[in-house]
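Comments concern the structure below.
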(Lines of atoms letter the chains of each structure in order from A and count residues from 1; the text may use other names and numbers.)
(Lines give C-alpha, C1' and ligand atoms only; values in the text may rest on other atoms or scores of the structure.)
Protein backbone atom coordinates (compact mmCIF):
# COMPACT_ATOMS: atom_id res chain seq x y z
CA UNK A 1 0.00 0.00 0.00
CA UNK A 2 0.86 3.66 -0.09
CA UNK A 3 2.59 5.42 2.76
CA UNK A 4 0.90 8.19 4.71
CA UNK A 5 3.04 10.72 2.83
CA UNK A 6 1.94 9.36 -0.58
CA UNK A 7 -1.73 9.35 0.45
CA UNK A 8 -1.51 12.96 1.64
CA UNK A 9 0.31 13.93 -1.55
CA UNK A 10 -2.34 12.34 -3.78
CA UNK A 11 -5.11 14.01 -1.80
CA UNK A 12 -3.37 17.39 -2.20
CA UNK A 13 -2.93 16.84 -5.94
CA UNK A 14 -6.62 16.02 -6.38
CA UNK A 15 -7.61 19.06 -4.29
CA UNK A 16 -5.32 21.34 -6.32
CA UNK A 17 -6.62 19.97 -9.63
CA UNK A 18 -10.22 20.53 -8.46
CA UNK A 19 -9.34 24.14 -7.58
CA UNK A 20 -7.73 24.66 -11.01
CA UNK A 21 -10.85 23.23 -12.69
CA UNK A 22 -13.10 25.58 -10.70
CA UNK A 23 -10.98 28.51 -11.89
CA UNK A 24 -11.03 27.27 -15.48
CA UNK A 25 -7.27 26.78 -15.48
CA UNK A 26 -7.07 23.01 -15.62
CA UNK A 27 -6.24 21.81 -19.12
CA UNK A 28 -6.30 18.08 -18.54
CA UNK A 29 -2.73 17.90 -17.28
CA UNK A 30 -2.09 14.44 -15.94
CA UNK A 31 0.26 14.31 -13.04
CA UNK A 32 2.83 11.56 -12.62
CA UNK A 33 1.07 10.48 -9.45
CA UNK A 34 -2.20 9.89 -11.27
CA UNK A 35 -0.84 7.97 -14.24
CA UNK A 36 1.77 5.93 -12.44
CA UNK A 37 4.62 8.29 -13.25
CA UNK A 38 7.48 7.48 -15.50
CA UNK A 39 7.94 7.90 -19.21
CA UNK A 40 4.85 7.84 -21.39
CA UNK A 41 6.79 7.37 -24.61
CA UNK A 42 7.02 11.08 -25.46
CA UNK A 43 10.51 11.64 -24.16
CA UNK A 44 12.10 11.83 -27.60
CA UNK A 45 9.46 14.40 -28.64
CA UNK A 46 10.19 16.44 -25.52
CA UNK A 47 13.93 16.23 -26.18
CA UNK A 48 13.46 17.38 -29.79
CA UNK A 49 11.19 20.23 -28.73
CA UNK A 50 13.65 21.33 -26.04
CA UNK A 51 16.51 21.30 -28.58
CA UNK A 52 14.44 23.37 -31.02
CA UNK A 53 13.61 25.83 -28.25
CA UNK A 54 17.29 26.18 -27.31
CA UNK A 55 18.25 26.78 -30.95
CA UNK A 56 15.49 29.36 -31.37
CA UNK A 57 16.45 31.15 -28.14
CA UNK A 58 20.11 31.21 -29.19
CA UNK A 59 19.19 32.62 -32.60
CA UNK A 60 16.93 35.27 -31.05
CA UNK A 61 19.64 36.25 -28.56
CA UNK A 62 22.16 36.59 -31.41
CA UNK A 63 19.70 38.77 -33.34
CA UNK A 64 19.15 40.98 -30.26
CA UNK A 65 22.90 41.47 -29.86
CA UNK A 66 23.34 42.29 -33.55
CA UNK A 67 20.40 44.74 -33.45
CA UNK A 68 21.87 46.38 -30.33
CA UNK A 69 25.26 46.70 -32.03
CA UNK A 70 23.66 48.29 -35.11
CA UNK A 71 21.68 50.71 -32.95
CA UNK A 72 24.77 51.68 -30.95
CA UNK A 73 26.74 52.24 -34.17
CA UNK A 74 23.93 54.44 -35.50
CA UNK A 75 23.94 56.46 -32.26
CA UNK A 76 27.71 56.92 -32.53
CA UNK A 77 27.37 58.08 -36.13
CA UNK A 78 24.67 60.59 -35.17
CA UNK A 79 26.71 61.86 -32.24
CA UNK A 80 29.91 62.33 -34.27
CA UNK A 81 28.36 63.20 -37.62
CA UNK A 82 27.88 60.73 -40.45
CA UNK A 83 31.40 61.00 -41.90
CA UNK A 84 33.47 61.77 -38.83
CA UNK A 85 33.00 58.37 -37.18
CA UNK A 86 33.87 55.05 -38.64
CA UNK A 87 37.25 54.08 -37.35
CA UNK A 88 39.26 56.04 -39.91
CA UNK A 89 41.02 58.01 -37.18
CA UNK A 90 43.53 55.66 -35.57
CA UNK A 91 44.21 58.10 -32.74
CA UNK A 92 40.78 57.31 -31.25
CA UNK A 93 39.87 54.08 -29.49
CA UNK A 94 36.49 52.33 -29.78
CA UNK A 95 34.98 54.81 -27.29
CA UNK A 96 35.97 57.89 -29.29
CA UNK A 97 38.66 58.89 -26.80
CA UNK A 98 41.96 60.18 -28.07
CA UNK A 99 44.84 57.79 -27.52
CA UNK A 100 48.15 59.23 -26.34
CA UNK A 101 50.77 59.44 -29.06
CA UNK A 102 53.57 56.96 -28.71
CA UNK A 103 57.05 58.30 -29.07
CA UNK A 104 60.15 56.35 -29.83
CA UNK A 105 62.52 56.02 -26.90
CA UNK A 106 65.95 57.43 -27.29
CA UNK A 107 68.58 54.75 -27.33
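Numbering (our numbering), first residue to last: 25 to 131.
Ideal placement from N, C-alpha and C gives every residue a C-beta, glycine not left out.
Extent of the continuous alpha helix (DSSP H) to which residue i belongs
i, result
"residue 138", "Limits of the chain in this structure are 25 at one end and 131 at the other, which puts residue 138 out of reach."
"residue 46", "28-47"
Neighbourhood of residue i by C-beta distance below 8 Å, restricted to the same chain and skipping five residues each side
i, result
"residue 77", "none"
Residue i beta carbon near the ligand PLP (any heavy atom closer than 7 Å)
i, result
"residue 30", "No copy of the ligand PLP appears in this structure; indeed no ligand is present at all."
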